[in-house]
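Data block below; observations after.
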Amino acid sequence: MDTVILKLGNDISTDDLYPGRYMATVLPAETPQFAFADRTEFNARLRAGAIPAGSIIVAGENFGCGSSREQACSTLKGHGLVVVAKSIARIFLQNSINLGLKVVLCPGLVADEGDELEFTPDHVLNRTSGHAYAQVKLPAARQGILDAGGLIPYTRKRLMAAHGMPGPAPVG
Amino acid sequence: MGMTVAEKILARAAGLAFVRAGEVVEPRVDLAMSHENAALVINQFHEVFEGTGLEPKVWDPSRVAIIFDHRVPAESPKTATNQKRIREFVAANGIAKFHDIRGDVGGICHQILPEYGYVRPGMVVVGTDSHTTSHGALGAFAFGIGATEMASVWALGRAVNVEVPETIKVVVEGDFPPMVGPKDLILRLIGLLSAQGANFKVLEFHGEAIAGMSTSGRIALCNMSVEAGATAGIVPGDLETVRYLRDEAGVLEPIPCVQPDADATYVRTVEIDVSTLEPQVACPHTVDNVKMLSEVVGTKIHQVVIGSCTNGRLDDLAAAADIVRGKKVAPGTRMLVFPASGRVFAQALDKGYVHDFMRAGAVVMNSGCGPCLGVHEGALGDGEAALSTTNRNFKGRMGNPKSEVYLCSPAVAAASALAGAIADPRA
Ligand code: SF4
Numbered sequence: 033m034d035t036v037i038l039k040l041g042n043d044i045s046t047d048d049l050y051p052g053r054y055m056a057t058v059l060p061a062e063t064p065q066f067a068f069a070d071r072t073e074f075n076a077r078l079r080a081g082a083i084p085a086g087s088i089i090v091a092g093e094n095f096g097c098g099s100s101r102e103q104a105c106s107t108l109k110g111h112g113l114v115v116v117a118k119s120i121a122r123i124f125l126q127n128s129i130n131l132g133l134k135v136v137l138c139p140g141l142v143a144d145e146g147d148e149l150e151f152t153p154d155h156v157l158n159r160t161s162g163h164a165y166a167q168v169k170l171p172a173a174r175q176g177i178l179d180a181g182g183l184i185p186y187t188r189k190r191l192m193a194a195h196g197m198p199g200p201a202p203v204g
Numbered sequence: 008m009g010m011t012v013a014e015k016i017l018a019r020a021a022g023l024a025f026v027r028a029g030e031v032v033e034p035r036v037d038l039a040m041s042h043e044n045a046a047l048v049i050n051q052f053h054e055v056f057e058g059t060g061l062e063p064k065v066w067d068p069s070r071v072a073i074i075f076d077h078r079v080p081a082e083s084p085k086t087a088t089n090q091k092r093i094r095e096f097v098a099a100n101g102i103a104k105f106h107d108i109r110g111d112v113g114g115i116c117h118q119i120l121p122e123y124g125y126v127r128p129g130m131v132v133v134g135t136d137s138h139t140t141s142h143g144a145l146g147a148f149a150f151g152i153g154a155t156e157m158a159s160v161w162a163l164g165r166a167v168n169v170e171v172p173e174t175i176k177v178v179v180e181g182d183f184p185p186m187v188g189p190k191d192l193i194l195r196l197i198g199l200l201s202a203q204g205a206n207f208k209v210l211e212f213h214g215e216a217i218a219g220m221s222t223s224g225r226i227a228l229c230n231m232s233v234e235a236g237a238t239a240g241i242v243p244g245d246l247e248t249v250r251y252l253r254d255e256a257g258v259l260e261p262i263p264c265v266q267p268d269a270d271a272t273y274v275r276t277v278e279i280d281v282s283t284l285e286p287q288v289a290c291p292h293t294v295d296n297v298k299m300l301s302e303v304v305g306t307k308i309h310q311v312v313i314g315s316c317t318n319g320r321l322d323d324l325a326a327a328a329d330i331v332r333g334k335k336v337a338p339g340t341r342m343l344v345f346p347a348s349g350r351v352f353a354q355a356l357d358k359g360y361v362h363d364f365m366r367a368g369a370v371v372m373n374s375g376c377g378p379c380l381g382v383h384e385g386a387l388g389d390g391e392a393a394l395s396t397t398n399r400n401f402k403g404r405m406g407n408p409k410s411e412v413y414l415c416s417p418a419v420a421a422a423s424a425l426a427g428a429i430a431d432p433r434a
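Here it is, written out as structure tokens:
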């Protein structure tokens, strides 16, 4: 069970998650310092380590819209944050799956900051309100990448298989 | 049962006779484009090869393009060092489609790819930039991906596990009224569809207004298709596509175009008549917050920006120069102009537009992304408002979350620079 640490509205853009002026910083190890940089108070709490891993961001429609910058994913993943949104913009969703940022699609969710949520394979349970909400499955096409633990190991396996090298059989 | 343009292109690239929306395919990639974020792609690419004993080389250097545009010339040692690492990678991999920081062959990636004939109808194009949708203007299937996905493409030459998207057919009829054009059309469409109305879908453009539109205007349409969430925007290749590639990009080879089947399946059809279209303005802080110009006329503007991959081409600069020629930018308002490429800049010099802008008081900047993404020039002060021909107005997009950005056409931007407030170019 984890706590909703931040509740956001619709159309949260990648400029909000990771402002463009920090884009010269690219490495996943370095991007977390700039998460939500323009929400200075929240950014300060993240950098101070005051937000435990597993904490949940609840958002509305079209989360992560805008730029393809992958820093917007790695910056959240670096803090161990989980995103539950009504819907997620295509590139952000794919980047999340590729990098292993946990994202959950849950169009009906009602939750406020401070609520405790729990995830079952098909539902999000709001332990504070006592209600359960159905999840929408991630695109089936991406399951192989999730199963491999991300796109880098997935591609590595495919590459080795293409070169006839021993290793796990290609996924998918 | 027929196929849409996107289905036909993906079927061909996946080596299949037929695909339909929802199927999962692994298309071969014809062109893979990155800009300065190649620094991250290179990092991820090396990670893919770690422990394999294989040498990290891109699958086909002739299909990789790298263009420096986001931060040119570099604004910081960090960016300059990223650019230096990318140059080394380009040299080591023999990547010829590389456009460095130069006044002759440099420019914004989405301008360079069409201008040099790198994009052709029917291609699968991926780019580590969301506005890669621009290249659908030439009849290609072009979509944005993240850096790790690009590393995978560089290694495998394919985009893995792509779901064939559904297509929305957009039929545009009528003649544009004076001072109204493609930017107003795409803003109107985004307002109609909403910022996620086309998420995971393709916009396929048809109709007499598209047939009569220049490739430059089509690039603006496809460029901003992603602002409705679209995976891709596509104008099926036609006579204008072939004219552009032959006359402007210098392409000599045959240029086969891909048309949709008459019985293709569309998830939705949207019809727009542009003969009664008014100039449109996207208001802060979302691109789908679109209003008619008349609703926002008089709004005080501190900075006018003309340029970008959306509206930084010669016809855009011509429209703006025609309005400011012999006049003065209002005191208290700054006007910044950044041509989309070195070639466009040179043409604007030859035509005298650069003089028109400078005599009017505008600052003409080097070609590149400039103020569009709020990185290293043209920042806004607290409480200031910008009116821009770029494609995004998210909070903080131009570098300051305490400022506002409005989006419009070059004609509205130029007229507003003279007035110091949002103004109607027809007045
Ligand atoms: S001009 Fe703006 S929208 Fe276009 S590629 Fe550059 S930053 Fe992106």
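Protein chains in written order, with this note's numbering: chain Z, 33 to 204; chain U, 8 to 434. Ideal Cβ positions, reconstructed from N, Cα and C, are used throughout, including at glycine.
Excluding sequence positions up to five away, which residues of its chain have a Cβ less than 7 Å from the Cβ of residue i?
| i | result |
| --- | --- |
| R165/U | E33, P34, R35, V36 |
| V36/Z | I88, V90, A143, D144, E145, G146, D147, L149 |
| T276/U | K176, V178 |
| A355/U | L321, L324, P346, V361 |
| V203/Z | At V203/Z, the pLDDT of 41 sits below 50, so the modelled position is not reliable and the matter cannot be decided from this model. |
| F74/Z | L38, F68 |
| N89/U | E43, A46 |
| N100/U | K64, V65, P68 |
| A289/U | L194, N296, V297, N400, Y413, L414 |
Is the beta carbon of residue i sitting closer than 8 Å to the one on residue j?
| i | j | result |
| --- | --- | --- |
| N127/Z | C97/Z | no |
| A46/U | I119/U | no |
| N400/U | N94/Z | no |
| C138/Z | V116/Z | yes |
| T155/U | E102/Z | yes |
| A392/U | S410/U | yes |
| L38/U | A72/U | yes |
| N398/U | T317/U | yes |
| G7/U | S232/U | No statement about residue 7/U is possible, as the shown extent of chain U runs from 8 to 434 and does not include it. |
| A149/U | G129/U | no |
| M40/U | I16/U | no |
| F151/Z | T46/Z | no |
| A158/U | F52/U | yes |
| P378/U | M405/U | yes |
| G143/U | C229/U | yes |
| I279/U | V242/U | no |
| E82/U | H309/U | no |
| I330/U | A428/U | no |
| I108/U | P80/U | yes |
| N168/U | V31/U | yes |
Ends of the alpha helix (DSSP H) at residue i?
| i | result |
| --- | --- |
| G176/Z | 175-180 |
| R195/U | 189-200 |
| G224/U | 222-232 |
| K109/Z | 103-109 |
What first and last residue would you give for the beta strand (DSSP E) that runs through residue i?
| i | result |
| --- | --- |
| Y360/U | Counting along the chain, Y360/U falls outside any beta strand (DSSP E), though it belongs to the alpha helix (DSSP H) covering 360-367. |
| D280/U | 275-280 |
| D67/U | Where D67/U is concerned, there is no enclosing beta strand (DSSP E), given that its DSSP letter is neither H nor E. |
| F148/U | 148-151 |
| V116/Z | 114-117 |
| G162/Z | Unbroken run through G162/Z: none, as it is neither H nor E. |
| Q65/Z | Element bounds for Q65/Z: n/a, residue is neither H nor E. |
| M299/U | 297-299 |
| H42/U | Here H42/U belongs to no beta strand (DSSP E), and DSSP marks it neither H nor E. |
| E180/U | 173-180 |
| Q287/U | 287-289 |
Please check the pair residue i and residue j, which I expect to be a contact at CB under 8 Å, by giving their CB distance rounded to whole angstroms.
| i | j | result |
| --- | --- | --- |
| V171/U | E14/U | 6 Å |
| V351/U | L394/U | The pair is not a contact, with the Cβ atoms about 21 Å apart (cut-off 8 Å). |
| A269/U | P417/U | With a Cβ gap of about 37 Å, A269/U and P417/U do not count as contacting. |
| L191/Z | T59/U | 6 Å |
| Y413/U | P286/U | No, Y413/U and P286/U are not in contact; Cβ-Cβ is about 12 Å, not under 8 Å. |
| L108/Z | L49/Z | 7 Å |
Report all residues from its chain with a CB closer than 6 Å to the CB of residue i; omit the five preceding and five following residues, and keep chain order.
| i | result |
| --- | --- |
| A85/Z | G112 |
| A162/U | V55 |
| Q203/U | G236 |
| K358/U | none |
| A420/U | V311, I313, L394, T396 |
CB-CB under 8 Å to residue i, same chain, minus the five flanking residues each way: which ones, in chain order?
| i | result |
| --- | --- |
| G124/U | L252, A256, G257, V258 |
| L141/Z | V90, V116, K118, V156, N158, Y165 |
| V133/U | V36, L38, A39, M40, T139, A149, F150, G151, I152, E156, M157, V160, A166 |
Which chain C residues sit within Cβ distance under 9 Å of residue i?
| i | result |
| --- | --- |
| L380/U | You won't find chain C in this structure, because its protein chains are Z and U. |
Nearest-residue set for ligand 1, Cβ under 7 Å from any heavy atom: D76/U, H77/U, I115/U, C116/U, H117/U, D136/U, H138/U, S315/U, C316/U, T317/U, C376/U, C379/U, L380/U, T397/U, N398/U, R399/U
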